[in-house]
Amino acid sequence: MTDQQNTAASEEKAAPQFSLQRIYVRDLSFEAPKSPAIFRQQWEPSVALDLNTRQKALEEDFHEVVLTLSVTVKNGDEVAFIAEVQQAGIFLIKNLDAASMSHTLGAFCPNILFPYARETLDSLVTRGSFPALMLAPVNFDALYAQELQRMQEAGEATVQ
Numbered sequence: 001m002t003d004q005q006n007t008a009a010s011e012e013k014a015a016p017q018f019s020l021q022r023i024y025v026r027d028l029s030f031e032a033p034k035s036p037a038i039f040r041q042q043w044e045p046s047v048a049l050d051l052n053t054r055q056k057a058l059e060e061d062f063h064e065v066v067l068t069l070s071v072t073v074k075n076g077d078e079v080a081f082i083a084e085v086q087q088a089g090i091f092l093i094k095n096l097d098a099a100s101m102s103h104t105l106g107a108f109c110p111n112i113l114f115p116y117a118r119e120t121l122d123s124l125v126t127r128g129s130f131p132a133l134m135l136a137p138v139n140f141d142a143l144y145a146q147e148l149q150r151m152q153e154a155g156e157a158t159v160q
């Protein structure tokens, strides 16, 4: 090989790579503690959403990212239903610096998983005989930036 071919080959190996390997439901739950009485009441729901992500390094350059959506819907003071989905994905990610890897795992991957989690949650709720629950899109980049800022402020506070 010539020097030019060696350089091209090494640049190709060092190029960032990202590939979605698999999307799956890791955990799923639904509870309607007040049914069937809740169906006979006037429907004036209040919705509380808890959103969480976590990631785990697997073998070599594979990573699992899990997006958890937990929804509690109350009708007045009574819990109508609680639904939770853990939507997971396995991603092949290579040749990223630490900051880019953190952003990819903390914002980009959850952004890919969210539509699947939202659809799964909506389907689960309608199977429970409740009105469809279409969650609004989430800005994972903004959430990631807020979390970074919070961590930096906490780090600075412990140093001072």
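Here the sequence shown is numbered in my numbering, starting from 1 and rising by one per residue.
C-beta atoms are modelled at their ideal positions from N, C-alpha and C, and glycine is treated no differently.
The model shown is predicted, which means the values in this text are computed figures rather than measured ones.
Using the three-state DSSP reduction, which class does residue i fall into: helix, strand or coil?
i       : result
Gln-160 : Residue placement at Gln-160 is poorly supported in this model, since its pLDDT is 39, which falls under 50; the coordinates are not used for a value here.
Gln-41  : coil
Ser-35  : coil
Phe-114 : helix
Asp-61  : coil
Leu-135 : coil
List the whole-angstrom C-beta distance separating residue i from residue j, where the pair is believed to meet the contact cut-off of C-beta under 8 Å.
i       : j       : result
Val-85  : Thr-120 : 5 Å
Gly-128 : Phe-62  : Actually they do not touch by this definition, with Cβ atoms about 35 Å apart.
Glu-64  : Ile-38  : With a Cβ gap of about 36 Å, Glu-64 and Ile-38 do not count as contacting.
Is it true that the CB of residue j sits closer than 8 Å to the CB of residue i?
i       : j       : result
Leu-20  : Gly-106 : no
Leu-92  : Val-71  : no
Phe-81  : Ala-117 : no
Val-138 : Leu-51  : yes
Among the candidates the options, whose CA atom is the shortest distance from the CA of residue i?
i       : options                           : result
Phe-15  : Phe-130, Gln-149, Ala-142, Lys-94 : A quick correction: the sequence has Ala, not Phe, at residue 15. The shortest Cα separation from Ala-15 among Phe-130, Gln-149, Ala-142, Lys-94 belongs to Lys-94.
Ser-87  : Gly-76, Lys-34, Gln-55            : The residue you asked about is not Ser; residue 87 is Gln in the sequence shown. The shortest Cα separation from Gln-87 among Gly-76, Lys-34, Gln-55 belongs to Gln-55.
Leu-148 : Leu-58, Ser-35, Ala-99, Pro-115   : Ala-99
Gly-76  : Asp-122, Ala-57, Val-47           : Val-47
Ile-23  : Ala-83, Val-66, Phe-140, Ala-57   : Val-66
Ser-35  : Phe-130, Gln-152, Asp-141         : Phe-130
Leu-69  : Ala-154, Gln-17, Met-101, Leu-28  : Leu-28
Val-25  : Leu-96, Pro-115, Met-151, His-103 : Pro-115
Gln-17  : Met-101, Ala-83, Ala-57           : Met-101
Leu-135 : Ala-142, Ser-123, Leu-96, Gln-146 : Ser-123
Subject >> contact_flag[the segment 42-49, the segment 104-120] where n(CB pairs < 8 Å) is 3 or more >> reply: Contact check between the segment 42-49 and the segment 104-120: fewer than three CB pairs, one atom from each, fall below 8 Å, which does not count as touching.
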